[in-house]
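Here's the structure we're looking at; comments come further down.
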Amino acid sequence: MEIVVLIKQVPNTTEVKIDPKTGNLIREGVDSIINPDDTHAIEAAVSLKEKYGGRVTAISMGPPQAVDALSEAIAMGVDKAILLTDKPFAGADTWATSTTLGKAIEKVGKYDLVIAGRQAIDGDTAQIGPQVAEYLGIPHVSYVAGIESVEEGRIIVKKAVEDGYQWLRMPFPCLITVISEINQPRPFHLARLLDACREKAPIEVWNLADVGLKVHQAGLMGSLTQVIKTFSPKSKREIKMLNGDVRSQVRELLSQLKQKKLI
Amino acid sequence: MGIWVNKELCNGCKRCLKACQYNAIELVEGKAFITDRCTLCCACVEFCKEKAILSDIPPREVPDFSQWKDVWVFVEQRDGKVLKVGLELLGMAQELASALGENVVGVLLGYNVASKAELLLKYGAQKVYVADSPELEAYSTLPYTRVLTELVNAHRPSIFLIGATILGRDLAPRLSRRLAAGLTADCTELSIDPQEKILLQTRPAFGGNIMATIANRFSRPQMATVRPGVMEAKEVADPKGEVINVDTHIGPQDLIVELIKYQKEAKAGVDITEAKVIVAGGRGMGDKEGFESLWNLAHLLNGEVAGTRVAVEEGWIPQSRQVGQTGVTVRPELYIACGISGAIQHRAGMMNSRYIVAINKDPHAPIFQVADWGIVGDVREIVPLLAEELKERLGRG
């Protein structure tokens, strides 16, 4: 079984702070991690390989330091990793990102299954998986909470939906996006992590030409959407702070609510 | 369009070979030769002293989309029941369409759902396309994508809104890629730029720490998904419009993903998105017993109890009552936040409530930034007192 797993390195958003003066993100001192859903994608890929044989290739698009995420993927049992890094990849929306990832998967060659995390915590779009599948012209199932069986070139997956679960069967090649419910990611294999840190890891670096794209097809230039401004979330409300002893505050609140016909 | 070498001018100096970071130029018979590794970055053009490398790559232009009109809403149904989020999006679509001078169009897919089209008219659609077919009864990505692609290509809407449910977050990206249309996920605000007449899509990023406004200038339709509860459904006084049944052309290639089992689970708890009043608690409630006072207050107000992620993780309330980024988005008439500091992830799920009361011991808690009334103090003292005073007031009639 040939499996490609798509991963993204993200800032740990639970630690992200906003500069109150500029409204910009303060990224200094914020850890970069493998996107949480993607660690479940890696685990799913590696455990399928252990069961059915084959090879797992991890692909990530990002800045040069995203190599750390790929080293960690290798420490979890991925066989080979490819880092897509180049200036023209920067500023990509999900259209340009799915083009770039799709091209890279095609270059990897034959594959049975592509696995991605459902969504990344920095963007939360959940778009890349389905868009890559459409680019490749293969079926997909998103929100996968379990892999039931693999046989005769087909896979049966369990998908989480709002009102329960669906079991879906589809032929290879296909793509799934997984949610955290699917498994418990294994810890890093220490020796493999050390190897990766000593630059012995099987990580290739591909640029725009390597994946076979032109500058106007990738990154900001190749994107259909553009961010035109960013700002800190602000409330338009004017708060009225209530004063006095506790009982009079409570009474005041209730008469305010009464005035607005809320009680 | 491209880049090429004028062999007459090329003197084989190899400067361009060094300039090219993609190793896409070779020397063939003493002249520069551009291989198919070329990315059209044009770095070599300026490096050539002989001006032997030429390119005619035009700058990127915004195409003419004047033929693309109307605001479309995909209205999701589940087991034949129209989801509220679709009606909320029709409410938003009315505003956008009026700013553009265009029409609101609802799109409904399913089996034996034609009778639901009237509901879409009632909530502001001026035209409804219904695709009614057994293959569309339960959602499946490929058949839905097929039908919607044909509809969009035939009628060219300028805007296409889809609810960010699990279905919408599966369908929208697949459809957008097939249509070669830009897509913005989980928008919290939508408006029309008065000059350019394009859709401005505002959404949270980095876990809600920052808001980004996104434009989709280079493709149509301008696609966006919106989470349930963010927009407001608006009934129209005088619903009228046409309902058009459309033919579907679903082929075997669209049916390769088979649904073999569907296990519906009765979800524990209630749908708090329907509540008019919500009494919510966070870490400040201290423990499960602290939450008792919230249940009591909610009961007096005919409301529901909700809470933050912490409250769920501590086991004080079930997951179905979690409000925020990883929970549900609510917009009740009244939201009473008790012992909630107001992390952005929580605020994202409740800041569109009509009126907000915040009770917290920390006067600098961010929850006060989004509240209409604030009380600084101990929730474990204030909430029971509030219930007591309310009870007395209600008793007085």
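So the sequences go chain by chain: A and B.
Heads up: the first sequence begins at 940 in this note's numbering, then just goes up one per residue.
Heads up: the second sequence begins at 572 in this note's numbering, then just goes up one per residue.
Beta carbons: idealized from backbone N, C-alpha and C, even for Gly.
Please read these numbers as outputs of a predicted model, since none were measured by experiment.
Check residue i in the structure and name its three-state DSSP category.
i: residue 1079(A); result: strand
i: residue 1113(A); result: strand
i: residue 650(B); result: coil
i: residue 724(B); result: helix
i: residue 1103(A); result: strand
i: residue 592(B); result: coil
i: residue 688(B); result: helix
i: residue 757(B); result: strand
i: residue 829(B); result: strand
i: residue 906(B); result: strand
i: residue 813(B); result: strand
i: residue 926(B); result: strand
i: residue 598(B); result: strand
i: residue 938(B); result: helix
i: residue 578(B); result: coil
i: residue 700(B); result: strand
i: residue 1129(A); result: helix
i: residue 1140(A); result: coil
i: residue 883(B); result: helix
i: residue 912(B); result: coil
i: residue 1098(A); result: strand
i: residue 611(B); result: coil
i: residue 1123(A); result: coil
i: residue 729(B); result: coil
i: residue 990(A); result: helix
Just to make sure I have the definition right: I need the residues of chain B whose C-beta is within less than 7 Å of the C-beta of residue i. Which are they?
i: residue 1101(A); result: 736 and 737
i: residue 947(A); result: Those do not exist, as residue 947(A) stays about 14 Å from chain B at its closest Cβ, beyond 7 Å.
i: residue 1170(A); result: 782
i: residue 1073(A); result: 745, 748 and 749
i: residue 1110(A); result: 827
i: residue 1153(A); result: 610 and 611
i: residue 1140(A); result: The contacting residues do not exist; residue 1140(A) stays about 24 Å from chain B at best.
i: residue 1106(A); result: 831 and 832
i: residue 1082(A); result: 737
Apart from the five residues on each side of it in sequence, which residues of its chain come closer than 8 Å, Cβ to Cβ, to residue i?
i: residue 1137(A); result: none
i: residue 1072(A); result: 1053, 1078, 1079, 1113 and 1114
i: residue 961(B); result: 868, 871 and 872
i: residue 720(B); result: 746, 749 and 750
i: residue 933(B); result: 912 and 947
If you follow the alpha helix (DSSP H) that residue i is in, where does it begin and where does it stop?
i: residue 739(B); result: 737-750
i: residue 1149(A); result: 1147-1150
i: residue 1186(A); result: 1185-1198
i: residue 1047(A); result: 1033-1047
i: residue 1013(A); result: 1006-1014
i: residue 862(B); result: 859-871
Could you tell me which chain A residues have their CB closer than 7 Å to the CB of residue i, listed as they occur along the chain?
i: residue 787(B); result: 1163 and 1164
List the residues of chain A whose Cβ lies closer than 8 Å to the Cβ of residue i, in chain order.
i: residue 945(B); result: 1178, 1179, 1180 and 1181
Below 8 Å on C-beta distance, what does residue i contact in chain B?
i: residue 1022(A); result: What residue 1022(A) touches in chain B: nothing, since even the nearest Cβ is about 16 Å away.
i: residue 1199(A); result: 926
Taking C-beta pairs closer than 9 Å, name the residues in chain A that residue i reaches, listed in chain order.
i: residue 598(B); result: Chain A residues near residue 598(B): none, gap ~18 Å exceeds 9 Å.
i: residue 775(B); result: 1063 and 1172
i: residue 595(B); result: 1148
i: residue 754(B); result: 1032, 1033, 1034, 1064, 1066, 1070, 1163 and 1164
List, in chain order, every chain B residue whose beta-carbon is nearer than 9 Å to that of residue i.
i: residue 1027(A); result: 610 and 612
First and last residue of the beta strand (DSSP E) that includes residue i?
i: residue 1167(A); result: 1165-1170
i: residue 782(B); result: 781-786
i: residue 659(B); result: Careful: residue 659(B) lies outside any beta strand (DSSP E), inside the alpha helix (DSSP H) at 655-671.
i: residue 1201(A); result: No beta strand (DSSP E) contains residue 1201(A), which DSSP labels as neither H nor E.
i: residue 966(B); result: No beta strand (DSSP E) contains residue 966(B), which is instead part of the alpha helix (DSSP H) from 950-967.
i: residue 1162(A); result: Careful: residue 1162(A) lies outside any beta strand (DSSP E) and carries neither H nor E.
Excluding the five sequence neighbours on either side, which residues of its own chain have a C-beta within less than 6 Å of the C-beta of residue i, listed in chain order?
i: residue 532(B); result: For residue 532(B) there is no data in the structure shown, the boundaries of chain B being 572 and 968.
i: residue 943(B); result: 926 and 927
i: residue 1159(A); result: 1030
For residue i, which residues of its own chain have a beta-carbon under 7 Å away from its beta-carbon, when the five flanking residues on both sides are left out?
i: residue 738(B); result: 647 and 710
i: residue 577(B); result: 623 and 625
For the ligand MN, any of its heavy atoms closer than 7 Å to the Cβ of residue i?
i: residue 1115(A); result: Absence of the ligand MN from the depicted structure is noted, as is the absence of any ligand whatsoever, leaving it without description.
* With 8 Å as the limit, tell me which residues of the stretch 826-852 of chain B have their beta carbon closer than that to any beta carbon of chain A; keep them in chain order. => 827, 828, 829, 830, 831, 832, 833, 834, 835, 836, 838 and 848
* Taking any Cβ of chain A, which residues in the stretch 850-872 of chain B have a Cβ under 8 Å from it, in chain order? -> 872
* chain A contacts from the stretch 790-802 of chain B (Cβ-Cβ distance under 7 Å) -> 790
* To do: Could you please tell me which residues of the stretch 1051-1079 of chain A, in chain order, have their CB closer than 9 Å to any CB of chain B?
  => 1057, 1058, 1060, 1061, 1062, 1063, 1064, 1065, 1066, 1067, 1068, 1069, 1070, 1071, 1072, 1073, 1074, 1078 and 1079
* To do: Compile a chain-ordered list of the residues in the stretch 1031-1052 of chain A whose CB is closer than 8 Å to at least one CB of chain B.
  => 1032, 1033, 1034 and 1037
* To do: Check each residue of the stretch 936-962 of chain B: if its Cβ is closer than 9 Å to any Cβ of chain A, include it; give the result in chain order.
  => 939, 940, 941, 942, 943, 944, 945, 946, 947, 948, 949, 952, 953, 956, 957, 959, 960 and 961
* For the stretch 621-645 of chain B, which residues have a CB atom closer than 8 Å to at least one CB atom of chain A, in sequence order? -> 628 and 631
* To do: Could you name the residues of the stretch 703-714 of chain B whose beta carbon sits closer than 9 Å to any beta carbon of chain A, in the order they occur along the chain?
  => 709, 710, 711, 712 and 713
* the stretch 898-926 of chain B: which residues have C-beta closer than 8 Å to a C-beta of chain A, in chain order? -> 904, 905, 915, 918, 919, 922 and 926
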